Amino acid sequence: MVERYVRPDGEIVAQFDVRFSRFIEPGGKVVCTPLPPWADDSGVLIPIYRTMLQTRAFDAAALKLQRTGRLGTYASPLGQEAIGAGVASAMREEDLLVPSYREFSAQLWRGVTMTELLLYWGGDERGSDYRVPRQDFPACIPVASHCCHATGAAYAFKIRRQPRVAVCFLGDGATSKGDFYESLNAAGAWHVPVVFVVCNNHWAISVPLGRQTAARTLAQKAIAAGVASEQVDGNDMIAVRAAAEFAIENARSGEGPRLIEALTYRLGDHTTADDASRYRDASEVNAARARDPVSRLHDYLTGTEAMLSAADEETMSAEIEQEVNDAIEQYLATPPQPASAMFDHLFSELPQSMLDQRASAEGEQDHG
Amino acid sequence: MAEITLVDAVNQALAYAMRENENVVLLGEDVGVNGGVFRATNGLQESFGEERVLDTPLSETLIGGVAIGMAAQGLIPVAEIQFMGFAYPTIDQLLNHAARIRNRTRGRLTCPMVLRAPFGGGIGAPEHHCESTEALFAHIPGLRVVIPSSPERAYGLLLAAIRNPDPVVFLEPKRIYRLVKQRVPDDGEALPLDVCFVLRPGDDVSIVSWGAMIHDVVAAADQLALRGISAEIIDVATLKPLDVKTILESVNKTGRCVIVHEAALSGGWGAEIAARVAELGLMSLLAPVKRVTGYDTIMPLFRLEHLYMPSIDRITKAVNAVMEFA
Ligand SMILES: Cc1ncc(C[n+]2csc(CCOP(=O)(O)OP(=O)(O)O)c2C)c(N)n1
Ligand SMILES: [Mg+2]
C-alpha cells in the first residue's frame, strides 16, 4: 500500500448536498407541508391535469396508429406526463422550450397541436412548423445535442436584457454526453437563464441507470459545473412544478442556471421499435405503475380538497377524446408535400444552381 | 445450411472473430443484453461475457475514443454506433486519432479497430436516422470505408475488417438488413478488402454502386437486359482505398459509366469515382459519366424519402441517356 499523504484533518474546501422533494405520495396523500400556495388552487391544477390526460390519450391513439401502419416509429411518454406539464405550466409564453423527443405534455401545454405531433412522427416536416410556440425548438433526436442550444439561447436572452428563460429537457442517458456537461459548464460560467430538466426514467433504451453512471444522483452532475440543482419526485406534479417555478423565476431574475432531476419511470417500450421485455423485468414495471403520475394527481385532486368532481372529469375526458379524434382525422387527411418541398426551406432562397435538381425531383414525382 | 440475412451474417462474423481471437471486444449502446437495436450483436454477450461485449454509457465520442485506447493496447475493438446519424462526434476521434496514430508514431502505435454503423434510408425511420454520409468518412486519409451489399459480403468483409491492422469504418445498409437471405458458410473465410467486385458482367454500360442501392441497380439491369442493354454491375464494397483499376477495366470495356448512390450529389463518393474515370479513362468513354444520387437537400422525413432516393426508374433513365449519347 502507498502511504496517503492527504491530511485527514485538512480543511474542507467544498461540500455539497443534493435535496430531494416530494409533496404528494401515491394515493394522493400529502407527505410534506407547507405545500406551495397554488396547491389548493384548482384554477392552476386542473388545466395541468387536463394536459396530462391529453398526453395520455394522445399516446394511446398514437400507439394505435403506429401499430396499424399509419405512424412511424414513435416514442411513448407514458408515465412521464407530470414532468412536462408541471414544468411548462411554470414557464411564461415568451420563455423557450428546448425539448428532446418525449416531452409531449410540455409541448401540448405550450400550444403545439396533436396534429403537428402526429405529422412529425408520421414523417412530415410540417409537424415541426408549430403554429403557436413559434420560437420553441423542435424535438431533438441526437441525444443531448440540444443542451448547447438552450445555453446559447439563454445567452441571447442575457445580452439582450430579455427577462426570458430557456428550459431544456433531457433524459438520464443524455447526461453521459459531453454536450450536456459542456452546456452546463458554460451556463454556469456565463450565468445565463437556462433550466435543465433531467427526466430520469431510469433507462436509456436497454441500459439501466446503474450502468450509465456511478453517480448517486444526476443532479450532482450540475454541482461540478457550479450550477445549483435538486432532485424531485417526477411523478409528483406538485413537486415538479414547485421546483420548476423556483428555478425558472430564479433564472429570470438573474440568479443563473439550475438543474432539476425529476425521478420517473418509462412505463412503455423505449419506442415502438423496441421490446423492453428483452431487458427488464415485468415486476419492475408493475411496481412503477403504482407510482403513476396521472393517478397520483387525480387522487390528490379528488381527495380532501375535492377540486375535481367525477362529472367534471367525465366531461374533460369526453372533450379530450374528441380533440384526439379530430387531430387524427386532420392528420390522416393531410396529403403529403410535393417533391419540391425538399427544396423549399433548404436556404432562404434556392440557389440558381439547384433549379435543375428541383425540376428533376418534380419530374420524378409526376412520373412516379 | 440455413439461409441468413445480412444482419445475421454480421452477427455470425462477429461471433467467429470473437472465438478466433480473444482480443476482439464489442462495445456500443445497447449491444449487450438487448443485442443491439437491430440485433446485430444478439446473443453475443451471453456467449462471450460482459467484459467482451460492453454496453457503454450513451456517448459516441466516448465509444470512438475508448476504442482507440483499447486498440493501441492490443485489443481489437469492434464498436457499434447505433445509427450513422449519431456517428459524427466520432469523426473527431477518427480523423484526429484513429486514422493517424500509426503515422504520428512512425508505426509504434496502431489502431486495429472497426467502427460499425447502420445507415441509409428506405425503412421509414425517424429524423437523423436515414442519411448516407459515407463520403465524410471516406474523405479521411488513413481510414478504410467498407460497405457490404449482401449477407455473403457482410460476413467476409467484416471478418476482413476485424483482421485488418488499421481502422475500418464498416457501414451497414440497414434497408437490406433483412431483405435478402443467402447461404453463408461460417468458415471464417474473409473477402478481400480494397477491391471492387464485378457483380455481373456486361458489355454496354458499367453501373457502379454500393450497399443497398446495388439491389435497385440489379433490378434496373434486369429491365435493361429485356431491352437488349447489357449492364456490368460493379459493387464497390471498399470505398476507400478505391480499387480504381477494376472500375477502369470495366469502363474500358463498356465505354459508359453510371454511378448510383443514395447520398447527396455534391461531394458524394460518386464524384471521386467520376473524377478517376475522367482522369484515367477519358479516352475509352463513349458518353459522359452520369451519376444517379440523392439531391443536395436535407434528406426529407420518410413521407417523401422515396422521392429523394434514386429509383429504379431514374437508374434506367440514366443508362438510356448514356446509351443514346452521340
Ligand atoms: C447521440 C445519440 N446517440 C444515440 C441515439 C439513439 N438513442 C435514441 S434514444 C436513446 C436513449 C436515450 O436515453 P435517455 O437519455 O435516458 O432518454 P429516454 O429515451 O429514456 O427518454 C438512444 C441511445 C440518439 N438518438 N442520439
Ligand atoms: Mg432515460
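Chains A and B are the protein sequences, given in the same order. Read in order, the letters of the first sequence are residues 1 to 368 in our numbering. Read in order, the letters of the second sequence are residues 369 to 694 in our numbering. Note that the Cβ used here is the ideal one computed from N, Cα and C, for glycine as well. Treat the numbers as computed from the prediction; the structure is a model and nothing was measured.
With DSSP collapsed to three states, give me the class of residue i.
i	result
A/Ala219	coil
A/Asp59	helix
B/Pro519	helix
A/Ala90	coil
A/Leu35	coil
B/His674	helix
B/Thr622	helix
A/Asn200	strand
A/Asp312	helix
B/Arg710	No answer is possible for residue 710 of chain B: it lies beyond the span of chain B, which begins at 369 and ends at 694.
B/Arg507	The amino acid occupying residue 507 of chain B in the given sequence is His; Arg does not appear at that position. If DSSP states are grouped into helix, strand and coil, B/His507 belongs with coil.
B/Arg551	strand
B/Ile597	coil
A/Phe396	The requested residue 396 of chain A does not occur in the structure, where chain A is confined to residues 1 to 368.
A/Ile83	helix
A/Ser128	helix
A/Val195	strand
A/Glu103	coil
B/Ile372	strand
A/Ala306	coil
B/Ala440	helix
Flag this pair as yes or no: are the beta carbons of residue i and residue j separated by less than 9 Å?
i	j	result
B/Ala449	B/Ile431	In the sequence on display, residue 449 of chain B carries Ile and not Ala. Going by C-beta atoms, B/Ile449 is nearer than 9 Å to B/Ile431.
B/Ile575	B/Glu600	yes
B/Ser679	B/Ile627	no
B/Pro609	B/Arg512	yes
B/Val563	B/Leu526	no
B/His507	B/Gly453	no
A/Arg289	A/Gly123	no
B/Asn737	B/Asn410	This structure does not reach residue 737 of chain B, given that chain B is present from 369 up to 694, and the question cannot be answered.
B/Arg484	B/Glu540	yes
A/Ile24	A/Arg216	no
B/Leu394	B/Ala447	yes
B/Leu462	B/Phe505	yes
A/Gly303	A/Thr264	no
A/Leu267	A/Val227	no
A/Arg369	A/Glu116	The structure shown has nothing for residue 369 of chain A, since chain A only spans 1 to 368.
B/Ala580	B/Arg543	yes
B/Leu653	B/Val612	no
A/Val194	A/Ala244	no
A/Val240	A/Val87	yes
A/Glu362	B/Asp681	no
Name the DSSP bridge partner or partners of residue i?
i	result
A/Gln231	A/Phe20, A/Glu261
B/Ala447	B/Leu395, B/Leu483
B/Val344	Missing from the structure shown is residue 344 of chain B; chain B here goes from 369 to 694 and no further.
A/Pro208	A/Trp203
B/Lys658	B/Val626
B/Thr606	B/Val514
A/Arg97	The question names Arg, but residue 97 of chain A is Leu in the sequence shown. DSSP output for A/Leu97 lists A/Val167 as bridge partner(s).
B/Pro541	B/Phe487
Looking at the C-beta of residue i, does it have a partner C-beta in chain B at a distance below 9 Å?
i	result
A/Pro142	yes
A/Gln365	yes
A/Arg160	no
A/Asp274	yes
A/Trp190	no
A/Ala339	yes
A/Thr115	no
A/Glu349	no
A/Gln80	no
A/Arg211	yes
A/Val285	no
So, does the CB of residue i fall closer than 9 Å to a CB anywhere in chain A?
i	result
B/Pro656	no
B/Asn402	yes
B/Pro486	no
B/Glu388	no
B/Val628	no
B/Ile436	no
B/Leu633	yes
B/Ile666	yes
B/Tyr545	no
B/Glu414	no
Residue i: beta carbon under 8 Å from a heavy atom of ligand 3?
i	result
A/Val143	Only ligand 1 and ligand 2 can be found as ligands here, which leaves ligand 3 out of the picture.
- Query: Can you pull every residue whose C-beta falls closer than 7 Å to some heavy atom of ligand 2, listed in chain order?
  - Reply: A/Gly171, A/Asp172, A/Gly173, A/Cys199, A/Asn200, A/Asn201, A/His202, A/Trp203, A/Ala204, A/Arg266
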